Amino acid sequence: PKYLNDQYYKLNNKSDIYSIGVLMWQISSERRPIYNEDDVLQGRREEIIHSTPIKYSNLYTSK
326 PKYLNDQYYK LNNKSDIYSI GVLMWQISSE RRPIYNEDDV LQGRREEIIH STPIKYSNLY
386 TSK
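To get this note's numbering, take the position in the sequence shown, counting from 1, and add 325.
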């Protein structure tokens with residue numbers, strides 16, 4: 326998400342991992358994960374979808 330503000334951030338292996346996560350989210354939930362770029366730039370996360378398996382939820386909420 327930091328790449329949305331490319332003035333300060335460049336693409337790297339972390340952005341690749343984030344991209345894979347976005348794809349997995351879209352495939353498993355059939356929804357787009359990002360609806361508001363400002364929320365992402367402010368560090369806010371999307372709410373976990375009710376039917377998300379616990380293991381996915383744990384990955385999403387871990388730091």
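All C-beta atoms, glycine included, are put in the ideal place defined by N, C-alpha and C.
Please read all numbers here as calculations on a predicted model, not as lab measurements.
Taking 7 Å as the line, does the beta carbon of residue i fall inside it for any heavy atom of the ligand PLP?
i: serine 354; result: Of ligands this structure carries none, so the ligand PLP is not represented either.
Under three-state DSSP, which class holds residue i?
i: asparagine 383; result: helix
i: glutamate 389; result: Outside the displayed span of the chain (326 to 388) sits residue 389, for which this structure offers no information.
I'd like to know whether the C-beta atoms of residue i and residue j end up nearer to each other than 8 Å.
i: serine 344; j: isoleucine 374; result: no
Do we get a CB-CB distance below 8 Å when we pair residue i with the residues of chain C?
i: serine 382; result: The structure shown has no chain C; it contains just one protein chain.
Among the options, which one has its Cα closest to the Cα of residue i?
i: tyrosine 385; options: Leu336, Gly346 and Gly368; result: Gly346
i: glutamine 351; options: Glu371, Leu366, Lys335 and Asn337; result: Glu371
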